[in-house]
Amino acid sequence: MRRIVFGGFVRCCYPYQKFQSVEGELRLAIVLEDDPEVLRWMKPAPGQFRIEYDNGKPYEPDFIVETRTDILMIEPKRADQIGLPEVQAKARAATRWCHHASEHAAQHGSKPWRYLLVPDTAIDLAQSVAGLRTRWTWVGGQNI
């Protein structure tokens with residue numbers, strides 16, 4: 078899967094993308110492309126976001142999505158990996174980063190940031206970004 082390059086995206090910031098999984102990442106990209114609430118999305122380049130967890134280890138989010146109302150950092154993850162300590166540590170770090178980014182955005186009239194940790198089993202092509210946001214926004218160590 079990682080060797081295949083996909084194109085034809087309209088809302089993606091880049092013309093071509095690679096995905097690590099069909100069930101999570103590719104399916105989420107299709108949802109993002111089809112949802113009119115999404116203005117643009119991207120898979121950040123390595124080092125584009127400086128988020129650290131576990132004493133300085135870098136965390137690189139899978140998707141950044143701008144909607145009409147907010148900016149989402151979305152991490153699709155295999156359902157059986159959601160509870161792993163490393164995944165939870167990354168989620169705490171990303172949530173903290175989003176909190177600080179939201180504070181900065183509020184001071185400058187921009188959109189708030191939210192972190193979503195989404196199991197791959199929750200991503201289907203009939204899903205909307207609003208539905209994902211409602212169910213999978215991660216706050217204080219849990220999805221709300």
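For the sequence shown, my numbering gives the first residue as 78, with consecutive numbering after it. Backbone N, C-alpha and C define an ideal beta-carbon position, used for all residues, glycine too.
Rank ALA168, TYR136, TYR192 by C-alpha distance to the C-alpha of ILE151 and give the top, closest one. Against the sequence shown, residue 151 aligns to sequence position 74. When only C-alpha atoms are compared, the closest one is TYR192.
Tell me, which residues are paired with PRO135 by DSSP? Locating residue 135 in the sequence shown gives position 58, counting from the first residue. Its beta-bridge partners are GLU129.
When DSSP labels each residue in this structure, what does GLU152 get in the three-state scheme? On the sequence shown, residue 152 is found 75 positions in, with the first residue counted as 1. Strand at GLU152.
Would you tell me roughly how many angstroms separate the C-alpha atoms of TRP190 and TYR91, rounded to the nearest one? Indexing the sequence shown from 1 puts residue 190 at position 113. Indexing the sequence shown from 1 puts residue 91 at position 14. So the two alpha carbons sit approximately 21 Å from each other.
For PRO121 and ALA183, I'd like the C-alpha separation in whole angstroms. In the sequence shown, the residue the question calls residue 121 occupies position 44. In the sequence shown, the residue the question calls residue 183 occupies position 106. Cα to Cα, the separation comes out at about 23 Å.
Does GLY101 come out as helix, strand or coil in the three-state DSSP assignment? Along the sequence shown, read from residue 1 onward, the residue named residue 101 stands at position 24. Three-state result, GLY101: helix.
Around the Cβ of GLU180, are there at least 16 other Cβ atoms within 10 angstroms (buried) or fewer (exposed)? The count along the sequence shown starts at 1 and reaches residue 180 at position 103. Counting Cβ neighbours within 10 Å, GLU180 comes out exposed, since fewer than 16 surround it.
How long is the line joining the alpha carbons of GLN94 and GLU114, rounded to whole angstroms? In the sequence shown, residue 94 corresponds to position 17, counting from 1. In the sequence shown, residue 114 corresponds to position 37, counting from 1. Going by the C-alpha atoms only, they are around 21 Å apart.
Going straight from the alpha carbon of SER205 to that of CYS175, what length do you get? Your numbering for residue 205 matches position 128 in the sequence shown. Your numbering for residue 175 matches position 98 in the sequence shown. Computed Cα separation, rounded: 21 Å.
In angstroms, rounded to a whole number, what distance separates the CA positions of THR146 and ARG117? Position 69 of the sequence shown, counting from 1, holds the residue named residue 146. Position 40 of the sequence shown, counting from 1, holds the residue named residue 117. One C-alpha to the other measures close to 12 Å.
Using DSSP with H/G/I as helix, E/B as strand and the rest coil, what is GLY84? Mapped onto the sequence shown, residue 84 falls at position 7. In this structure, GLY84 counts as strand in the three-state DSSP scheme.
Indicate the three-state DSSP secondary structure (helix, strand or coil) for ARG191 in the structure shown. For the purposes of this step, residue 191 is taken as the residue at position 114 of the sequence shown. In the structure shown, ARG191 sits in a strand (DSSP, three-state: E or B).
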